[in-house]
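For the record, the sequence lines run as chains W and P.
For the first sequence, position 140 matches number 139 in numbering that gives the first Met the number 0, and the numbering has no gaps at all.
For the second sequence, position 130 matches number 129 in numbering that gives the first Met the number 0, and the numbering has no gaps at all.
Think of the CB as a built atom: it goes at the ideal place given N, C-alpha and C, for glycine as much as any other residue.
Computed from a predicted structure; not experimentally measured.
Here's the structure, in structure tokens; my notes come after.
2 protein chains.
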Amino acid sequence: MNMPIENETNYQASKYRTPDGAPTDIVIFTITSEGKGSVKKSLPTRELQVLLIQRKQWPFEGQWALPGGFSMESETIHESARRELTEETGVSDVHIEYFNVYSTPQRDPRGWMISHAFFALVHERYLEKRQAADDAADVRLFPIDEALAMDLAFDHEIIMRDALAQIQQKMLTTTIAREFLSEEFTMSELYQVIQTVVPTFEERNFIRKITSTQSRKGIIEEVLDHQGQGKMSNRYSQRAAQLYRFTDYVPQLSIYS
Amino acid sequence: MNMPIENETNYQASKYRTPDGAPTDIVIFTITSEGKGSVKKSLPTRELQVLLIQRKQWPFEGQWALPGGFSMESETIHESARRELTEETGVSDVHIEYFNVYSTPQRDPRGWMISHAFFALVHERYLEKRQAADDAADVRLFPIDEALAMDLAFDHEIIMRDALAQIQQKMLTTTIAREFLSEEFTMSELYQVIQTVVPTFEERNFIRKITSTQSRKGIIEEVLDHQGQGKMSNRYSQRAAQLYRFTDYVPQLSIYS
DNA sequence: ATAATAGTGTCTTTCAGACACTATATC
DNA sequence: GATATAGTGTCTGAAAGACACTATTAT
């Protein structure tokens, strides 16, 4: 411990080297969906994208970076991230989650900066009206693979890789898939969303398992109309599909069953 | 964003209010095991305990608190936590994991302090030689329930509750149980460790499932002697029990199976 | 023999996984 | 009728869950 021996009357934090800032960085994910060109009804093509801003000033002027900014004394780190998210995208009330701290010495040429990284999951409909904020030259969505191949500012490539690993893991173990879907959705939409985030995911009997397995089925339920009949959607298909919604049930996983 | 418009030649972090420190707090868990008084061989009583220090100075002088200290500019937060853990307990090379940041305004009377919380899992044999460091009046292990009922310094009760929830969840979804066990262990030891951390855990056919289930058995394997026979232990029992060890296999859980 | 721990036998019900098949509606 | 999506029938083998039973050995 290098905490000084002090008391209330003579304690002075300024006697010690202190951080030069506590920024937040936010990896904003969205899944875009693009209907296939043909006139026929069919499943859209979905793609995982991240929102980046182009820096306007030193350091890393002109390079692309994660949105974020400095925390203030009057707010928690989490509130700071929410504020920055709203400032960057105009979006509030979306899923935002803290996942790691980045503190490698020299990671920021401006000084000793301890950065707190969040990921946010945003339905694409919320990102339509976005625009570049004051300190950004440009704001854009990039496919995740493309973003990871760019020469990003700071250690943002590492942060983004970590964020991707996080949401891939959470996609399979929690119900965050709901953040990318509408309230009501079909099984193929859910399946597509999972596959978009975790390309290796494959379950041939997906519909059967998700709808009939005792241990799993608590997480979703059928949507019924006012007559108690299953509510259907034919948005993507000739034959109408049953609509489902997530319940509030939080699944508990265990390797020891 | 409140990031200033600056460039390399005129950027001065000191123009903005900056944090007064970036401390780490470490929730050090151990499981003590106490042989039953009788002469007969029997399973020990196990208890989940946390290590606390008694503060020697303002603020919260005389109160019990989590060990920890201030990060330095030349190290990462993670390195800082490891350093503090070693300073407090003499222990290195144990499982230590970052889990959250605490930044509520006014959480520390010394100023704007953003605290980074870790949990460490330590086998009780490593905590025998511990002693109070310079800035602590005393160091002791407390049963987790007792510790949570104490009037702890700062927001350390919240941090400890969060840490407990974390290790309970990880106990069931990862192989961290190994951190509380020796390299080789019996099924009843493993079962006891899980139950000590997660009291609600109950599996009647535990041995059978963990040793025979295809999907789960990859995480542990039987220990064999040099003749290829199962290595046994009669430390706790009349009848000798098979010894197991964890493999390096990392189980992947999914709610969508 | 007793006690304490370590396992096995056996039954029923459910689930996983495969894959061919049927169903519905649009073009 | 071709096509695209949605879903069912049916089979096999494996696993879950319950619980009574046997096995081993220090005392």
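With a threshold of 8 Å between beta carbons, P:TYR97 makes contact with chain W. At least one CB atom of chain P sits nearer than 8 Å to the CB of W:GLU72. In this structure, the beta-carbon distance from W:VAL100 to W:SER114 falls below 8 Å. W:TYR125 sits in a helix when the DSSP states are folded into three classes. Counting only Cβ-Cβ distances below 9 Å, W:LYS208 has contacts in chain P at TYR255 and SER256, in chain order. Around the beta carbon of P:GLN226, fewer than 16 other beta carbons lie within 10 angstroms, which makes this residue exposed. About 5 Å separates the CB atoms of W:LEU47 and W:ILE143; that is less than 8 Å, so the two are in contact. Boundaries of the alpha helix (DSSP H) harbouring W:VAL196: 186-196, taken from the DSSP string. Annotated three-state conformation of W:PHE98 is strand, per DSSP. Legend: CB atoms of the region 99-122 of chain W lying less than 8 Å from CB atoms of chain P belong to residues ASN99, VAL100, SER102, THR103, PRO104, PRO108, ARG109, GLY110, TRP111, ILE113 and HIS115. Taking 9 Å as the cut-off between beta carbons, the residues of the region 134-157 of chain P near chain W are ASP134 and ALA135, in sequence order. The shortest CA-to-CA distance from W:ARG139 to any of W:MET186, W:TYR125, W:VAL49 and W:THR85 is the one to W:VAL49. Taking a C-beta cut-off of 9 Å against chain P, the contacting residues of the region 18-50 of chain W are PRO18, ASP19, GLY20, ALA21 and PRO22, listed in chain order. Within a 10 Å sphere around the beta-carbon of P:LEU151 sit 16 or more other beta-carbons, which makes this residue buried. Closer than 7 Å at the C-beta level to chain P, one finds these residues of the region 172-183 of chain W: THR172. In the three-state DSSP reduction, P:ALA21 falls in the coil class, being neither helix nor strand. At a cut-off of 8 Å between C-beta atoms, W:ARG203 does not count as an interface residue with respect to chain P. Taken through DSSP and simplified to helix, strand or coil, W:ALA64 comes out as strand. Taking a beta-carbon distance threshold of 8 Å, W:ILE166 does not count as an interface residue toward chain P. Interface with chain P (8 Å Cβ-Cβ cutoff): W:PRO198 is excluded. It is roughly 38 Å from the alpha-carbon of P:PRO66 to the alpha-carbon of P:ASN233. Our two residues, P:GLU183 and P:ALA164, have alpha carbons roughly 27 Å apart in a direct line.
Around the beta carbon of W:ASP247, a 10 Å sphere encloses fewer than 16 other beta carbons of the protein chains shown; the residue is thus reported as exposed. Secondary structure at P:GLU74: coil, using DSSP grouped into helix, strand and coil. Taken in chain order, the complete beta strand (DSSP E) segments of 3 or more residues contained in the region 129-169 of chain W are 135-142.
At a cut-off of 8 Å between beta carbons, W:LEU252 contacts chain P.
With a cutoff of 8 Å on beta-carbon distance, W:ILE209 and W:ILE219 are scored as near each other.
Going by DSSP, W:PHE245 is part of the beta strand (DSSP E) stretching over 243-245.
Looking only at P:PHE179, P:LEU171, P:MET112 and P:GLU221, the smallest Cα-Cα distance to P:VAL197 is reached by P:LEU171. Where W:ILE209 is concerned, there is no enclosing beta strand (DSSP E), although the alpha helix (DSSP H) around it starts and stops at 205-211. In the three-state DSSP reduction, P:ARG82 falls in the helix class (H, G or I).
Nearest to W:ILE30 by alpha-carbon distance, out of W:ARG16, W:GLN191 and W:SER187, is W:GLN191. Taking every protein chain shown into account, the CB of P:LEU223 has fewer than 16 other CB atoms within 10 angstroms, so this residue is exposed. The continuous beta strand (DSSP E) containing P:ARG54 extends over residues 44-54. By the neighbour-count criterion, in which 16 or more other beta carbons inside 10 Å mark a residue as buried, P:SER41 falls on the exposed side. For P:GLU178, no beta strand (DSSP E) encloses it, and the DSSP letter there is neither H nor E.
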